[in-house]
Every structure is written in structure tokens, then in C-alpha cells.
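The sequence shown runs 0 to 364 under numbering that gives the first Met the number 0. Reading through the C-alpha cells given below for one structure.
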Amino acid sequence: MTNYFLRRLALIFPTLIGILLVNFIIVQAAPGGPVEKIIAQLRGHGETATDRFSTSGMGENRSAPVVNVPGNSKYRGAQGIDPALIKELERQYGFDRPAHERFLKMLINYLTFDFGNSFYRDRSVIELLLDKMPVSISLGLWTTLLTYLISIPLGIVKAVRDGSSFDIWSSAIVIIGYAVPGFLFAVLLIVLFAGGSFWSIFPLRGLTSEHWESLSWSARIWDYLLHITLPTLSLIVGGFASLTMLTKNSFLEEIHKQYVLTAHAKGLTENQVLYQHIFRNAMLIVVAGFPQALISILFTSALLIEVIFSLDGLGLLGFEAAINRDYPVMFGTLYIFTLLGLLLNLAGDILYTIIDPRINFDAMS
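And the structure:
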């Protein structure tokens, strides 16, 4: 077992390099980088490039006119822009070096979690990540915890009472939950409970109130729970439905196996058979999906929910960075997401062995 996990740990770094390399190549080939964005802004404001660049605080003031300057540029829309200004922009954004040098420098810096500074926010990437992480972690942990606490018991009961009226009407609720998108359910919750058209029970914006610091500890906890309730419920819907059916089908498959009949024949009670024999085997497939579920909730599913409820988390940060071509934030968040995903997958294998000690990964590899 130890050898297996050591090999998995050793593979994390080359996997990170491969993912970063693929995305780096894609970004290099994609049009509309930060230099082109600045050029578009210069032309959109109807100013000379020198005037706009000098007032933006990104370079020294130049007095030479830059309009009608001939020359072939690799940037779209750069005709008529002073080539010296283009080179200064490239230096500011780090594009004055060859691509392979920039990639190697990025890897060396990332080993010490030095992600550089954002192009547009005037802050370091690590500060931005630490600032946004509490929101995403709160959403992810609460959603994952409640989803598993609801789905696993419900799936077990549905499997045990398969075909009953309870199974039928609960399946209808599960299907509706699976069919309704989380963001649409979020809008419904806002209309019903956040001052839309009916009740105004829950706050609509942020993770805490503006006067949160002045509240007592008990009031702070209550304020936080009020803010987190609607976003969490919105994220639970889809995950709850799929995990419930996964749990039910997993238990149904185990219930009809021969060892269950043998356990009943030995005189074991229904609960003893269910929780001492079936549970351990059936839960393996549920545990296998835990890392992917947590990563999905943390960094993908929460994006629209963060937008709807004005929650400034990692999902929104990464989305805005991609739209604005903020490469340090893009690759910094990609590095963190990938590293967390690989570590959580390894944690899933550890949970495998805890639930069923019979599993031997060394023998499988």
C-alpha cells in the first residue's frame, strides 16, 4: 500500500506540468491577449496610444506621435501604434521573452507558490486566492456535507423499500431535482425567500453582513448561516439527486448477491446484513465519486451561484480572469485547482482502504 501511494505522490508533479503545458500552449495560440486588449482599449477611446499608455500608469510618458506609423505587427489592430510602445507593453506583461523561457520561469515560481501579480487588480495572485477561498470552501464543504447526509440515507431507504409508494414519490422528487438547473432553483429561492415577491427571510448578497464585525459571536454565526443557506440549497439540488440514485442502485446491486442470502440463512437480522455486509461493499462506488464531487462543487458548479448571490469566490475569480486574459490569475487558479484535485483523488483511494481493508492497490498495480 505504501508503495502505491508513494508512486501516486510522485506522479502529481509531472501531471501538474503536463496540464499546465497543455493549457499554456492553448493560451499562446488563442487570440486576444492582454497586449491586444490594451491596443483595443487605446483605439476604442479614440486617443493616441502614447497618451492613453502614459495616463494608465503602465509606462513612461512619451511625447512622440504614434499614429500612422507603418510596420507589420503580430498583434491585430496594432497598425499605426508606435513599435516602441508595443515592446514596452510586451515587457510589462512578460511577453518579451520566448514562450519556453516564460513557461520554465512559471514552473520554477510555482514550486514556491509564487504566482506573480494580477495584470489588472494590482494585487498578488496568492492574495487574491486567499481572499476568495473562504467563500468557495464554505460553499463546497456545506454543500458536500449536506448532500451526503441527505442522499446516502435516502438512497439506502429507497433500495430497501424498492417499488414501494415511498420509493415512487421520492423518485419523482429526485427526478425533478435532477432536471432543474441549480441556477434556476436559486432564482426561485430568491423570489420566494429573499425579498422577491413573497417573504424576505434570507439576505441576498454576500457571505456576511456589512456590520458583521460589530456583532457578537452568536449573532455572527446566525448571520453567516442566513447568508449561506440559499446558495447551499441551490447547489445541493443536482448533487443530491444524482448521489441518491447512485446510492440506491449500488445497494440494490449488493442486496441481490449470493452473500446476502447466505447471511440471512445464518440468522442475521436485516439491519445486521445491511450495515455489516452490504454497506461496506455498496459504499465503495459512492466514496469513489467524493473527490470529483467536491472539486465540481468548489470550482465549477458554484460559478453561477456565486454570480447570482454576489459571492466573490474562486469560481468567479477564475471566470473573470479568463474573460480579461489575466494570465497570472488563470494559471495560478489552474495550478491550485489541479493540485487539489489530484490530492483529493489520492484521498479517495485512502478512503477506499479505510472502508474495505481487503482492497490492496499494490496488488492491482
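Cβ atoms here follow ideal geometry from the backbone N, Cα and C, with glycine treated the same way.
Enumerate, from N- to C-terminal direction, the unbroken beta strand (DSSP E) stretches of 3 or more residues contained entirely within the region 272 to 349. Runs of the beta strand (DSSP E) lying entirely within the region 272 to 349, each at least 3 residues long, are absent.
Is it right to say residue 41 is buried, meaning 16 or more other beta carbons lie within 10 angstroms of its own, or is it exposed? With 16 or more other Cβ atoms inside 10 Å of its own Cβ, residue 41 counts as buried.
Out of 309, 152 and 327, which has the shortest C-alpha to C-alpha gap to residue 317? Here the closest residue by C-alpha is 327.
At least one CB of chain D closer than 8 Å to the CB of residue 317: is that the case? This model lacks chain D altogether, as it is built from one protein chain only.
Helix or strand or just coil, what does DSSP make of residue 54? With a pLDDT of only 41 at residue 54, under the threshold of 50, the placement of this residue in the model should not be trusted; the figure read from the coordinates follows. If DSSP states are grouped into helix, strand and coil, residue 54 belongs with the helices.
Can you tell which of 213, 96, 304 and 215 has the C-alpha that lies nearest to the C-alpha of residue 188? Among 213, 96, 304 and 215, the Cα nearest to that of residue 188 is on 304.
Can you tell me the Cβ-Cβ gap for residue 281 and residue 249, rounded? I've got them flagged as a contact below 8 Å. Residue 281 to residue 249, Cβ: 4 Å. Contact.
Look at the Cβ atom of residue 7, then the Cβ atom of residue 345, and state whether they are nearer than 8 Å. Cβ atoms of residue 7 and residue 345: closer than 8 Å.
Exposed or buried, which one is residue 85 when buried takes at least 16 other CB atoms within 10 Å? With 16 or more Cβ atoms within 10 Å of its Cβ, residue 85 is classed as buried.
Can you round the beta-carbon distance between residue 308 and residue 229 to whole angstroms, since I take them to be within the 8 Å contact cut? Distance from residue 308 to residue 229 at the Cβ level is roughly 7 Å; contact confirmed, criterion being Cβ atoms closer than 8 Å.
DSSP state of residue 213 mapped onto helix, strand, coil: For residue 213, the secondary structure class from DSSP, reduced to helix, strand or coil, is helix.
I need the DSSP call for residue 199, collapsed to helix, strand or coil. Looking at residue 199 - three-state DSSP - the assignment turns out to be strand.
Quick one: using the 10 Å Cβ neighbour count with 16 as the cut-off for buried, is residue 269 buried or exposed? Residue environment analysis places residue 269 among the exposed positions, since fewer than 16 neighbouring C-beta atoms fall within 10 angstroms of its C-beta.
Give me whichever residues DSSP pairs with residue 116 in a beta bridge. BP columns for residue 116 point to 123.
Residue 334 and residue 109 - do their beta-carbons sit closer together than 8 Å? Cβ distance < 8 Å, so residue 109 and residue 334 count as in contact.
Helix, strand or coil at residue 264 [DSSP, three-state]: Residue 264: helix per DSSP, three-state reduction.
Coil, strand or helix - residue 218 by DSSP: Helix.
Given residue 240, which residues of its chain have a CB within under 6 Å of its CB, disregarding the five upstream and five downstream residues? Around residue 240: 173, 176 and 177.
Please report the straight-line C-alpha distance between residue 337 and residue 17, rounded to a whole angstrom. C-alpha of residue 337 to C-alpha of residue 17: approximately 11 Å in a straight line.
Of the choices 238, 125 and 33, whose alpha-carbon is the least far from that of residue 147? Minimum Cα distance to residue 147 is reached at 238.
In three-state terms, what does DSSP make of residue 29? Here DSSP, grouped into helix, strand and coil, assigns residue 29 to coil.
Going by DSSP, what residue range makes up the alpha helix (DSSP H) through residue 181? Where residue 181 is concerned, the enclosing alpha helix (DSSP H) starts and stops at 181 to 192.
In this structure, does DSSP put residue 207 in helix, strand or coil? Looking at residue 207 - three-state DSSP - the assignment turns out to be coil, as it is neither helix nor strand.
Taking residue 176 as part of the alpha helix (DSSP H), name the residues at either end of that continuous run. For residue 176, the enclosing alpha helix (DSSP H) stretches over residues 164 to 178.
Helix, strand or coil, according to DSSP, for residue 130 in the structure here? Residue state, collapsed to three classes: helix.
Closest Cα partner of residue 243 within the set 13, 145 and 19: Measuring from the Cα of residue 243, the nearest candidate turns out to be 145.
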